[in-house]
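Heads up, the thing below is written out as structure tokens.
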Amino acid sequence: MRCVVSNTRLSISCIRVRTGVSSFFLRSCRLSVFRMHGSLRVLLQVLWAQLLCGWVLGSELTFELPDNAKQCFYEDIIMGTKCTLEFQVVTGGHYDVDCRLEDPDGTTLYKEMKKQYDSFTFTAAKNGTYKFCFSNEFSTFTHKTVYFDFQVGDDPPLFPNENRVTALTQMESACVSIHEALKSVIDYQTHFRLREAQGRSRAEDLNTRVAFWSIGEAIILLVVSISQVVLLRSFFSDKKTTTTRVGS
Amino acid sequence: MGLQGTGFLLQCYLMLAASMFFHLGEQEEKCIIEEIPEDTLVTGFFLLEPWDVKALSKLPQLGLTVTVKDSNSEIMLSKRYGKFGKFTFTAHTSGQHFLCFKTNSTSFSVFARERLKLHLDVQMGEFTVGHNTDRTKDSMEALENSLRHLTEQMIHITRQQEFQREKEEVFRQISENTNSKVLWWAAVQTSILLVVGFWQMKRLKDFFIEKKLV
């Protein structure tokens, strides 16, 4: 299943990551005839797929970030690829997190504090390992669940056009348009799922808070009123002798 | 199968080596959360590497324990692997699944705080878009493959939607629960207030009459 990157205001997410690996597995299972030049072909396939796959990596993950913790992820990117980082906090506290993205030399490309969701696109200017970190160090006791999606490069086409001699047939182009439509459906679905999870988490917090504070208030009410009466009575029972003197 | 298998493993290795990775300390467990609808096959590939490439010789045995827990905290998969491998499981219940990774390297080196790189790739479903090099002759097969892929995508979407409906039901229940709680406790508190107010006035009045102050 492939991902789609869209840079709208709300953080849209992608469902699934890599391609190439399991398809290779399927293909090697189907190759029943082993020819003499099979070994060379396999090697070529590996090299070619590696070359092609170099620009189609991307990952989406949901992980839990404990309080006062920082979690970093690294990715090797080739110069010139367009990358997008999107993240959203799903549960926890005020639903915000610090995020920072650095290039191989340590220059900060993106830094935001206490953001609930955001999307950032950039083109890699250098080869190397890029690092992005999420930090919950400002929070003392709330764990946060963070979802992020880091897309590197473009999606692979459904029908690769390297060995193509003719244009896509009508069937194939229909398949391609269905594929694109389904990708965007999965996109919106994941986005909706995250929003709903966030809403439900807030509702659960509200529920427990309402129960807790209501019971607390009722108890406080009873205690305070009873103690008021007791205190007032205690004032008058001591000064019984003095009031008569003041009166006369 | 030998050469194809090697080719496949090499491919996986190369793909993973260029993929996203994160730190994993020794004996440290890191988990990722995946929302998986039921009856979905999940495949994960991983690769464990030392942080410092030069230290490769010093760490003899790198191992990884993968534990998969579902939303009811039942363990679905708990296996030990070498430094590179693949794990699969089928989710029986819809919900959040926790995929936890823990290293169990058997080195007793002085570098106890050594960190490892864990490359990870998790896929859902059996049919994914492929880079097919020798497809020029087999256009029917390519079409068949893409149709299977599309069908799988649609099934995945349907399953996710079913799951989403269940979650919305839970959400609505929680909201209605909160609503009724607010109403009930507000009524209870108002009645306590009134009752206690009357009781206070009555007690004080009796008290003052008794003490002949009124």
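Quick mapping for you: the protein sequence lines, in order, are chains A and B.
For the first sequence, the positions run 1 to 248 when the UniProt record's numbering is used.
For the second sequence, the positions run 1 to 214 when the UniProt record's numbering is used.
Glycine residues also receive a C-beta, built at the ideal position from the N, C-alpha and C atoms.
These numbers were taken from a predicted model, which means no experiment stands behind them.
Could you tell me whether the Cβ of residue i comes closer than 7 Å to any Cβ of chain A?
i	result
Q173 of chain B	no
residue 290 of chain B	Nothing in the structure corresponds to residue 290 of chain B, since chain B is present only between 1 and 214.
L41 of chain B	no
L150 of chain B	yes
V110 of chain B	Its pLDDT being 43, under 50, V110 of chain B is placed unreliably in this model, and the coordinates cannot settle the point.
V214 of chain B	no
M140 of chain B	no
Please decide whether residue i counts as near chain B, where near means a Cβ-Cβ distance under 7 Å.
i	result
R202 of chain A	no
V229 of chain A	yes
I178 of chain A	yes
C175 of chain A	yes
T121 of chain A	no
L51 of chain A	Annotation note: pLDDT 43 at L51 of chain A (below 50); position unreliable, no value reported.
A211 of chain A	yes
P233 of chain A	For the record, residue 233 of chain A in the displayed sequence is Arg; it is not Pro. Yes, R233 of chain A counts as interfacial toward chain B.
S214 of chain A	yes
S248 of chain A	Unreliable positioning characterises S248 of chain A in this predicted model, as indicated by a pLDDT of 48, which lies under 50. The coordinate reading is nonetheless provided below. No, its Cβ sits nowhere closer than 7 Å to a Cβ of chain B.
Q189 of chain A	yes
L182 of chain A	yes
L168 of chain A	no
V224 of chain A	no
Give the DSSP-derived three-state secondary structure of residue i in the structure shown.
i	result
V185 of chain A	helix
A125 of chain A	coil
L101 of chain A	strand
V214 of chain B	coil
L62 of chain B	coil
S19 of chain B	coil
D206 of chain B	helix
D96 of chain A	coil
I33 of chain B	strand
K86 of chain B	strand
Q123 of chain B	strand
F141 of chain A	coil
C29 of chain A	In this prediction, C29 of chain A scores a pLDDT of 34, lower than 50, which makes its location untrustworthy; the coordinate-derived value is nonetheless stated afterwards. Helix at C29 of chain A.
Q96 of chain B	strand
F236 of chain A	helix
S73 of chain B	coil
E28 of chain B	coil
T166 of chain A	coil
L118 of chain B	strand
L48 of chain B	strand
L65 of chain A	strand
Give the interface partners of residue i over in chain B, defined as CB-CB distance under 9 Å, in chain order.
i	result
N207 of chain A	I174, S175, N177, T178, K181
Y74 of chain A	M20, F21, F22, H23, K117
R193 of chain A	E35, Q160, F163, Q164, K167
Using a cut-off of 8 Å between C-beta atoms, extract the partners of residue i located in chain B.
i	result
F150 of chain A	M20
A218 of chain A	W185, V188, Q189, I192
Name the one or two DSSP bridge partners that residue i has.
i	result
G58 of chain A	A:Q151
A91 of chain B	B:T40
V89 of chain A	A:V146
F75 of chain A	Here residue 75 of chain A turns out to be Glu, not Phe, going by the sequence shown. Answer is A:Y130.
E176 of chain B	DSSP output for E176 of chain B lists no bridge partner at all.
A83 of chain A	At residue 83 of chain A the sequence reads Cys, which differs from the Ala that was named. In DSSP, C83 of chain A forms a bridge with A:F122, A:V152.
R80 of chain B	B:T65
T108 of chain A	A:E102
T103 of chain B	B:L64
Using a Cβ cut-off of 8 Å, pull out every chain A residue sitting near residue i, in sequence order please.
i	result
L147 of chain B	C175
L143 of chain B	M171, E172, C175
K102 of chain B	Within 8 Å Cβ-Cβ: nothing; K102 of chain B doesn't reach chain A, min ~15 Å.
How would you list, in chain order, the residues of chain A whose beta-carbon sits under 9 Å from the beta-carbon of residue i?
i	result
C31 of chain B	F63, E64
L62 of chain B	In chain order: nothing, as chain A lies at least about 18 Å away.
K79 of chain B	What K79 of chain B touches in chain A: nothing, since even the nearest Cβ is about 19 Å away.
K83 of chain B	In chain order: nothing, as chain A lies at least about 17 Å away.
At a cut-off of 6 Å, is residue i close to the ligand ZN when judged by its beta-carbon and the heavy atoms of the ligand?
i	result
M113 of chain A	As far as ligands go, the structure on display features none, and thus does not contain the ligand ZN.
Counting only Cβ-Cβ distances shorter than 9 Å, please list the residues of the stretch 179–208 of chain B near chain A, keeping chain order.
K181, V182, W184, W185, A186, V188, Q189, I192, L193, V196, G197, W199, Q200, R203, L204, F207, F208
Can you pull out the residues from the stretch 152–172 of chain B whose beta carbon lies closer than 8 Å to at least one beta carbon of chain A?
E152, Q153, M154, H156, I157, Q160, Q161, Q164, K167, E168, V170, F171
Closer than 8 Å between beta carbons: that is the criterion. Which residues of the UniProt domain "GOLD" (70–152) of chain A meet it against chain B?
Q71, C72, F73, Y74, E75, D76, T145, F150
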